[in-house]
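Heads up: the structure comes next, in structure tokens.
In full-length UniProt numbering, the protein residues as written are 1 to 234.
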């Protein structure tokens, strides 16, 4: 769970989490494949341009460049100079690998290499002068398709612990339609906040939030996400 850390709260694109979250918070974003959960998670990783922030994204299901295109389409605020990507998708198309500040990894199953690269890129971002980092994992589901639940849960536990220790932000996306509830519950246990996403028959994306194990709030529309800077937090 989140350490009681002082500091400026992380803000997000409207209308996501209008009160922001404290430094050291880990968020699990879950929803079916076509629910919009992935876009919501990408919105949560968008840096606040007026803050000294950067982002570190793990791309396990699509090539790194495609993930960045998705992120830019969600918020229209992507700054490549603030962004590092661990491309472990295993794509054979080297021309579409994202190699800025990064070294490609053979595939999502090589969690030791992913962990090593994570530490390297994180330190590069800090050495570049950024005070805090938004970490996004896209997605837990892809990691689970290449490793067992126990191995992936250890990896996620390591990342969430690091987020707490450093006062950063962790965002973890999981496709709930691909896994039994027990798998989602395992990763929820490592996080401070759960964001559940659904798409209505009319195509509206809705979210509800709450602490792990607690009753979630009422469904609230987030269609569309504001394509501008995240809400300013004082």
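Using N, Cα and C, we set each Cβ at its ideal position, and we do this for glycine too.
Per DSSP, the beta bridge partners of residue 210 are 194. For residue 186, the enclosing alpha helix (DSSP H) stretches over residues 181–188.
Contact between the stretch 49–57 and the stretch 79–89 is present: 3 or more CB-CB pairs across the two stretches fall below 8 Å. Three or more pairs of CB atoms, one per stretch, sit closer than 8 Å, so the stretch 166–180 contacts the stretch 21–41. For residue 15, the closest alpha carbon among the candidates 108, 6, 63 and 74 is that of 74.
Contact between the stretch 32–43 and the stretch 156–163 is not established, with fewer than three Cβ pairs separated by less than 8 Å.
Distance from residue 40 to residue 184 at the Cβ level is roughly 16 Å; contact not present, criterion being Cβ atoms closer than 8 Å. When secondary structure is reduced to three states using DSSP, residue 123 falls in the helix class.
For residue 84, the beta-bridge partners assigned by DSSP are 56. For residue 27, the uninterrupted beta strand (DSSP E) segment begins and ends at 25–31. Restricting attention to 212, 223 and 50, the CA atom closest to the CA of residue 203 is found in 223.
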